[in-house]
Amino acid sequence: MSLTKRYAKPLLGALTALAATALFSTTALADRAADMAAHRGGTLRLVTVAAEGTIDPHINYTLKNWQIYQLAYDGLVNFSRVAGPGAFKLVPSLAEEIPTPTDGGKTWTFKIRKGVKFSNGKDLTPDDVVASLRRIFKVSGPTAGTFYNGIVGADACLSAPADCKLEGVTADAAAGTVTIALTAPDSEFLYKLAVPHAAILPADAPAKDVGTDPIPGTGAYMIQSYDPNQRMKLVRNPYFKEWSEAAQPDGFVDEIDYDFGLTEEAAITAIQNGQADWLFDPPPADRLNELGTTYAAQVHVNPLMAFWYAPMNTNLAPFNDARVRQAVNYAIDRSAIVDLFGGPVLAQPVCQILPPNMPGHEPVCQYTTDPGSEWSGPDMDKAKALVEESGTAGQEVTIVTEDTAVSKAIGTYLQTVLGDLGYKAAVKPISSNIQFTYIQNTNNKVQMSISQWYQDYPQPSNFLNILLSCASFTPGADASINISGYCNKDLDARMKAALELAVTDPEASYAEWTKIDQAFMDAAPMAPLFTPKRVDFVSSRVGNYMFSSQFYMILANVWVK
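If you use mature numbering (1 follows the signal peptide of the UniProt record, and there is no 0), the sequence shown corresponds to residues -30 to -1, 1 to 531, in order.
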């Protein structure tokens, strides 16, 4: 509670100031050629608290790296690189066009674009596409079993990754095509091909996690070097020729330097002083008033389809008791956590998994003093009664957070809540470079943590199926996205049915996802906290700021003065 009071005063001015800057920026595409002539060149300097693990696009599952992958890699289809909700539109990229499926929606044949080269000079071929889709399974990618398990042959690949043949993906070199056969129609398949886990890589890319060694790509830029303790550097791909401005635009800057290790405080000061251009992490709450008043022209606030949440390990005490998980949900003062993030202009409380504006989202909150369509306040009496029923008071609980100001502040607040419920709670901050993989691995016996989820694509399965399906829980693995370890076979079957229903009746499917969301919250494997807005603070030399609802600031469109 003390941290909330600490931030209250400066936030009063910041909320009004930042609200006035909440807008989308757009640039007419017709002006791009003139802009390129006037602004091409220079180095864009990005900063963040920490790197985010492996550079491998088939394995890394973080927004930080996925934003960078938009510059370096392509799929058969990409999300359109435009501002606003148009960013959800799919456009052909390494495929010449988006085909119409045949065989009742089970067969997709893609004509591979000619003349595209990887950043190592090799020509793109259909064989690269086949090898890349197999590689998703060979490296045990985190979405192999949830995104791509519908491809014919995927079951065998999931059982024996090293021997993956993926018979459902075939190339016709003469025709220049790749055909993908599915076991059943999949209404979300094109979305799944557009995310970096389906990036097309050279056929000879290692069938293992490459760690810090960048893999050649087809994008406008190439990752020249990556040291997670210091810096990532991107330079222009010397073999790149723009084939589609919507899919992969040629960038303005010649080089992008991404420095790791600055605190948020130091990073904001560096941007103010012109020593850096943009910070990935949220600005500290106690700097928002300063930014919103003195630097209003350099601040951009945009809505997100995302949420922050506290996963509770359903396989470890005390959270193997549903009553304890429900108690935590009742006890949390979500408005206090919103204040820690920056206040109601930058976040709003949630107590369900599907975020606002997501298909299937219906506002409802059961874990509050006045259950209804929205959160109204914590119910500590009900929370304490549930803990007493469980007989778990007095047990030790450790909350694993990122070593960032916001994550640590939320962790400290939850420590207080758990203490009020009768537990002996502690906070364990660890580097953002490893926290996300650390909390996924069951060998680390993480009881509770702070995490966030930002959409891969705008469908409810991307939250519920990915975060809570049995297929997303892999004990002992760093890529086990179901951090709570919650596996409910009945709900798995309902999610599978909802996905199948979406092929013929999307609206009925969304209605079923609403019910599934509620069923998961009855079990409470996590405590949803809030849905955030994105605050981008850029240096005075940054121009042409554009925000994509899919991958946030569009780095290819930024120029530097």
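Note that the Cβ used here is the ideal one computed from N, Cα and C, for glycine as well.
So residue i packs on residue j, CB below 8 Å; how close in whole Å?
{"i": "residue 346", "j": "residue 333", "result": "Not confirmed; about 12 Å, so no contact."}
{"i": "residue 374", "j": "residue 19", "result": "5 Å"}
{"i": "residue 46", "j": "residue 170", "result": "7 Å"}
{"i": "residue 217", "j": "residue 61", "result": "5 Å"}
{"i": "residue 432", "j": "residue 426", "result": "5 Å"}
{"i": "residue 428", "j": "residue 329", "result": "7 Å"}
{"i": "residue 41", "j": "residue 204", "result": "6 Å"}
{"i": "residue 360", "j": "residue 293", "result": "4 Å"}
{"i": "residue 241", "j": "residue 247", "result": "7 Å"}
Between which residues of its own chain and residue i is the CB-CB distance below 6 Å, once the five residues before and five after are set aside?
{"i": "residue 479", "result": "468, 471, 472"}
{"i": "residue 34", "result": "22, 250"}
{"i": "residue 115", "result": "128, 441"}
{"i": "residue 11", "result": "224"}
How many angstroms separate the CA atom of residue i from the CA atom of residue j?
{"i": "residue 65", "j": "residue 44", "result": "10 Å"}
{"i": "residue 5", "j": "residue 514", "result": "9 Å"}
{"i": "residue 532", "j": "residue 310", "result": "No answer is possible for residue 532: the residues shown for the chain start at -30 and end at 531."}
{"i": "residue 525", "j": "residue 518", "result": "10 Å"}
{"i": "residue 281", "j": "residue 253", "result": "24 Å"}
{"i": "residue 90", "j": "residue 289", "result": "50 Å"}
{"i": "residue -8", "j": "residue 190", "result": "Residue confidence for residue -8 is low, a pLDDT of 40 falling below 50, so the modelled location carries little weight; the figure read from the coordinates is stated next. Each residue's alpha carbon lies about 28 Å from the other."}
{"i": "residue 140", "j": "residue 75", "result": "17 Å"}
{"i": "residue 522", "j": "residue 502", "result": "13 Å"}
{"i": "residue 512", "j": "residue 530", "result": "5 Å"}
{"i": "residue -6", "j": "residue 516", "result": "Note on residue -6: pLDDT 39, under 50, position unreliable in the model; no value is reported."}
{"i": "residue 298", "j": "residue 291", "result": "11 Å"}
{"i": "residue 303", "j": "residue 172", "result": "50 Å"}
{"i": "residue 106", "j": "residue 451", "result": "16 Å"}
Which residue from the options puts its Cα closest to that of residue i?
{"i": "residue 227", "options": "185, 245, 515, 516", "result": "245"}
{"i": "residue 156", "options": "195, 211, 70", "result": "70"}
{"i": "residue 278", "options": "261, 319, 289, 260", "result": "319"}
{"i": "residue 17", "options": "439, 229, 199, 366", "result": "229"}
{"i": "residue 315", "options": "1, 53, 340, 500", "result": "500"}
{"i": "residue 37", "options": "455, 193, 269", "result": "193"}
{"i": "residue 232", "options": "257, 485, 199, 206", "result": "199"}
{"i": "residue 67", "options": "213, 108, 51, 390", "result": "213"}
{"i": "residue 267", "options": "505, 3, 27", "result": "505"}
{"i": "residue 402", "options": "421, 97, 235, 496", "result": "421"}
{"i": "residue 234", "options": "105, 215, 256", "result": "256"}
{"i": "residue 96", "options": "107, 108, 80, 105", "result": "80"}
{"i": "residue 308", "options": "354, 383, 338, 335", "result": "383"}
{"i": "residue 181", "options": "475, 119, 454, 202", "result": "202"}
Just to confirm, does residue i get its C-beta within under 6 Å of one of the non-hydrogen atoms of the ligand FMN?
{"i": "residue 333", "result": "For the structure depicted, the ligand FMN is absent and the ligand set is empty, with no information on it obtainable."}
Per DSSP, what are the beta-bridge partners of residue i in this structure?
{"i": "residue 363", "result": "None; residue 363 has no bridge partner."}
{"i": "residue 246", "result": "In DSSP, residue 246 forms no bridge with anything."}
{"i": "residue 191", "result": "206"}
{"i": "residue 318", "result": "501"}
{"i": "residue 227", "result": "15, 203"}
{"i": "residue 509", "result": "The partner list for residue 509 (beta bridge, DSSP) is empty, contrary to what the question assumes."}
{"i": "residue 121", "result": "152"}
{"i": "residue 422", "result": "278"}
{"i": "residue 60", "result": "49"}
{"i": "residue 523", "result": "517"}
Short of 8 Å in beta carbon distance, which residues of its chain neighbour residue i, apart from the five on each side in sequence? Order them along the chain.
{"i": "residue 449", "result": "29, 31, 110, 111, 112, 407, 410"}
{"i": "residue 368", "result": "395, 396, 397, 398, 416, 417, 418"}
{"i": "residue 188", "result": "43, 44, 64, 86, 87, 88, 89, 94, 170, 207, 210, 218"}
{"i": "residue 13", "result": "223, 224, 225, 226, 227, 530"}
Whose C-beta lies closer than 7 Å to the C-beta of residue i among residues of the same chain, with five residues either side of it excluded?
{"i": "residue 520", "result": "49, 57, 58"}
{"i": "residue 538", "result": "No answer is possible for residue 538: it lies beyond the span of the chain, which begins at -30 and ends at 531."}
For chain D, is any of its Cβ atoms less than 7 Å away from the one on residue i?
{"i": "residue 307", "result": "Of the chains in the structure shown, none is chain D; there is only one protein chain."}
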